[in-house]
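A short write-up of the structure that comes next.
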């Protein structure tokens with residue numbers, strides 16, 4: 057049975073701060089060992105087939121490194137958008153939700169993006185100290201989001217819960 | 002086979018147009034076009050930032066880490082790198098051949114990988130251009146537009162890719178960056194539960210793969226003038242084939258044909274690739290230009306990938322795909338197809354073949370049980386060659402007595418196709434851009450030609466806010482006249498003119 061909550065982070069662990077998404081998922085997974093209501097997924101890139109991972113969820117938290125957000129992190133309640141972001145290896149979270157809408161003929165579950173500021177994306181480099189500090193700053197927010205989302209799911213479908 | 006438009010005779014005074022980076026391909030590619038005052042194309046170059054530094058990243062690491070590490074080269078074909086490295090390092094541990102069970106599980110993993118990569122490329126990257134037109138409305142020309150207009154096609158693409166990834170998960174342990182293949186063999190069998198899960202969907206996937214070939218075939222039939230001519234150039238073709246001439250993606254001998262389809266060489270051992278292929282460095286591109294040593298740099302360049310493989314082999318060893326190959330060959334009326342868009346058709350024939358192979362391997366009891374590891378006399382180096390989704394992939398390692406990698410050389414599929422992609426871009430520029438006012442739609446023609454090769458230009462990061470396309474117009478003195486940027490979200494906006502570096 058599909059678990060109601062999904063945390064999906066993506067990035068290349070061999071390219072410096074691009075590892076922030078998977079690292080965040082790893083830290084959250086370790087912090088929440090009792091988690092029969094949460095799935096944790098990490099992937100190399102956000103891709104179109106992730107619409108299938110979103111299906112049947114009550115809430116989704118997406119995590120990625122970002123060069124565009126203000127440090128240490130920004131959060132965004134995502135809306136589906138028909139953009140042209142798909143490359144051979146990735147697409148935007150907004151486009152993913154739009155594809156979800158078209159493929160499943162229904163609205164996607166509420167999805168929140170946690171964008172953690174990254175600085176350096178060099179091949180073979182470890183995450184920068186600044187990026188790791190941004191991750192540390194973002195973890196309490198993510199844990200809080202999960203706490204609210206779990207409570208909302210437990211309270212039933214009418215609860216607004218974590219958004 | 003000779004090239005022109007690579008270097009303008011008198012570059013002074015020409016206007017420069019840059020497509021930077023090329024969109025819907027992986028990594029950072031840039032096309033520069035030099036135009037004279039009459040908008041006539043004088044020079045066209047595709048510049049690419051390759052996997053710079055990855056070899057150095059590998060050197061100094063223990064050899065047994067390498068099959069896992071090299072998967073970080075690429076998010077779309079990590080399995081190809083995983084297996085090419087494993088095959089090379091099999092030789093280091095003296096495991097040649099590896100056991101039948103290990104070989105079959107690796108083959109299953111590899112054909113799953115090629116299948117899902119081909120599905121992604123055709124259904125989600127190229128179908129917007131092919132279904133809506135190269136210069137159709139920009140905001141519609143993407144996967145979201147396909148999902149809205151052709152939800153059945155978009156859904157099949159997603160489901161095929163998902164199935165391929167499940168094959169990878171069942172064999173490698175994870176959907177991405179699995180650890181299943183190791184130097185000397187495999188570290189796990191396929192579970193009976195996973196096999197049952199996959200078998201349940203196999204026939205549906207084969208049917209959808211047949212539909213995909215049908216779409217590609219229909220597109221050619223509906224507009225043969227476009228599909229046969231677009232980005233066409235005569236070239237040699239190189240690939241692995243099975244010893245009996247069959248299409249083979251996991252392990253085989255190297256074969257090359259000339260532009261007329263005649264054999265240049267056949268049955269060459271992959272361990273002797275350095276006797277066959279040399280790479281040329283040109284000052285204007287980071288990516289090398291491989292060529293057949295016997296023909297020299299000027300005449301020896303070649304193409305790899307689905308178009309080369311489907312035409313290099315004598316037959317495809319699965320009935321449905323072989324039937325489709327025959328139709329493909331008949332389309333050429335005795336001559337090889339050289340149009341760049343024929344890659345899509347060939348790619349879908351391979352997709353169908355992969356599904357047939359997967360179906361057969363899932364029925365094989367050796368994937369569930371049997372010896373997984375082989376060992377033999379330790380060696381100082383090894384070469385692994387595999388047919389990745391985009392073409393021939395070569396991994397070459399030397400390993401010291403301390404088990405650390407002392408030298409690493411990778412020739413990836415996109416590098417093999419470097420000259421071909423440049424020629425395709427020149428062909429399109431000559432045919433569509435010459436003497437015309439440039440528009441986004443016309444420039445997309447250039448990108449369509451590049452995307453036909455499905456290039457993986459680098460393992461660029463994909464952090465949010467990256468991957469814009471920027472078009473810069475400069476006057477003869479190099480001053481920026483105009484800059485237009487296509488954002489990651491696909492929108493266009495004019496930027497303030499700024500100084501621009503040279504070519």
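Chains as they are written, first to last, in the working numbering: chain B, 57 to 219; chain Y, 2 to 504. We put the beta carbon where it would ideally sit given N, CA and C, even for glycine.
Selection from the options that minimises the alpha carbon distance to residue i
i	options	result
residue 165 (chain B)	B:207, B:79, B:117	B:117
residue 319 (chain Y)	Y:344, Y:355, Y:337, Y:303	Y:355
residue 438 (chain Y)	Y:32, Y:37, Y:8, Y:11	Y:37
residue 210 (chain Y)	Y:116, Y:419, Y:389	Y:116
residue 508 (chain Y)	Y:43, Y:5, Y:10	Any answer about residue 508 (chain Y) is impossible in this case: the structure gives chain Y only from 2 up to 504.
residue 352 (chain Y)	Y:368, Y:325, Y:371, Y:364	Y:325
residue 253 (chain Y)	Y:260, Y:238, Y:269	Y:269
residue 61 (chain B)	B:122, B:171, B:78, B:92	B:92
residue 79 (chain Y)	Y:63, Y:60, Y:329, Y:111	Y:111
residue 96 (chain B)	B:89, B:85, B:210	B:85
residue 432 (chain Y)	Y:263, Y:232, Y:189	Y:232
residue 186 (chain B)	B:63, B:58, B:75	B:75
residue 317 (chain Y)	Y:70, Y:295, Y:250, Y:366	Y:250
residue 302 (chain Y)	Y:347, Y:284, Y:244, Y:423	Y:423
Residues near residue i by beta carbon distance below 7 Å, same chain, minus five either side
i	result
residue 83 (chain B)	195
residue 186 (chain Y)	96, 99, 100, 103, 373, 374, 375
residue 447 (chain Y)	20, 32, 426, 429, 430
residue 270 (chain B)	For residue 270 (chain B) there is no data in the structure shown, the boundaries of chain B being 57 and 219.
residue 259 (chain Y)	237, 265
residue 414 (chain Y)	305, 306, 389, 391, 392, 393, 394
Bridge-paired residues (DSSP) for residue i
i	result
residue 130 (chain Y)	The partner list for residue 130 (chain Y) (beta bridge, DSSP) is empty, contrary to what the question assumes.
residue 48 (chain Y)	Y:31
residue 187 (chain Y)	Y:182
residue 167 (chain B)	B:116
residue 400 (chain Y)	Y:406
residue 374 (chain Y)	Y:186
residue 247 (chain Y)	Y:316
residue 130 (chain B)	B:171
residue 66 (chain B)	B:99
residue 254 (chain Y)	Y:242
Three-state class that DSSP yields for residue i in the structure shown
i	result
residue 31 (chain Y)	strand
residue 55 (chain Y)	helix
residue 224 (chain Y)	coil
residue 238 (chain Y)	strand
residue 122 (chain B)	strand
residue 43 (chain Y)	strand
residue 472 (chain Y)	Residue placement at residue 472 (chain Y) is flagged as unreliable, the pLDDT there being 49, under the threshold of 50; the coordinate-derived value follows with that caveat. Residue state, collapsed to three classes: strand.
residue 287 (chain Y)	coil
residue 156 (chain B)	helix
residue 266 (chain Y)	strand
residue 164 (chain Y)	helix
residue 303 (chain Y)	strand
residue 439 (chain Y)	coil
residue 386 (chain Y)	strand
residue 123 (chain Y)	helix
Spatial neighbours of residue i in its chain, beta-carbon cut-off 8 Å, leaving aside the 5 residues before and after
i	result
residue 297 (chain Y)	none
residue 196 (chain Y)	171, 363, 368, 369
residue 357 (chain Y)	207, 319, 320, 321, 322
residue 377 (chain Y)	94, 95, 96, 97
residue 247 (chain Y)	314, 315, 316, 317, 318
Proximal residues to residue i (C-beta, below 6 Å), its chain only, five neighbours per side dropped
i	result
residue 89 (chain Y)	383, 384, 385, 396, 398
residue 92 (chain Y)	380, 383
residue 1 (chain Y)	This structure gives no information on residue 1 (chain Y), because the portion of chain Y shown stretches from 2 to 504.
residue 302 (chain B)	Limits of chain B in this structure are 57 at one end and 219 at the other, which puts residue 302 (chain B) out of reach.
residue 143 (chain B)	Note that residue 143 (chain B) scores 49 on pLDDT, short of 50, meaning its location in the model is unreliable; the coordinates nonetheless yield the value given after this. Excluding residues within five positions, none has a Cβ falling inside 6 Å.
residue 60 (chain Y)	406, 409
residue 131 (chain Y)	220
So if I threshold CB-CB distances at 7 Å, which residues from the segment 151-170 of chain Y count as touching chain B? Along the segment 151-170 of chain Y, the positions whose C-beta sits under 7 Å from a C-beta of chain B are 152, 155, 156, 159, 162, 163, 166, read in chain order.
Residues in the segment 108-136 of chain B with C-beta within 7 Å of chain Y's C-beta atoms, listed in sequence order? Here the close residues are 108, 120, 121, 122, 123, 124.
Near-chain Y residues of the segment 57-71 of chain B (beta-carbon distance less than 9 Å), N- to C-terminal order: Of all residues in the segment 57-71 of chain B, 66, 67, 68, 69, 70, 71 have a Cβ within less than 9 Å of some Cβ in chain Y.
Contacting positions in the segment 136-148 of chain Y - beta carbon closer than 9 Å to chain B: 139, 140, 141, 142, 143, 144, 145, 146, 147, 148
Note down, in chain order, all residues in the segment 121-134 of chain Y with a beta-carbon under 9 Å from any beta-carbon belonging to chain B. 121, 122, 124, 125, 126, 129
At a CB distance below 8 Å, what residues from the segment 83-106 of chain B approach chain Y? Give them in sequence order. 99, 100, 101, 102, 103, 104, 105
Using a Cβ cut-off of 7 Å, which residues of the segment 231-259 of chain Y contact any Cβ in chain B, in chain order? none
The segment 150-174 of chain B: positions lying closer than 7 Å to chain Y by Cβ: 151, 154, 155, 158, 159, 171, 174
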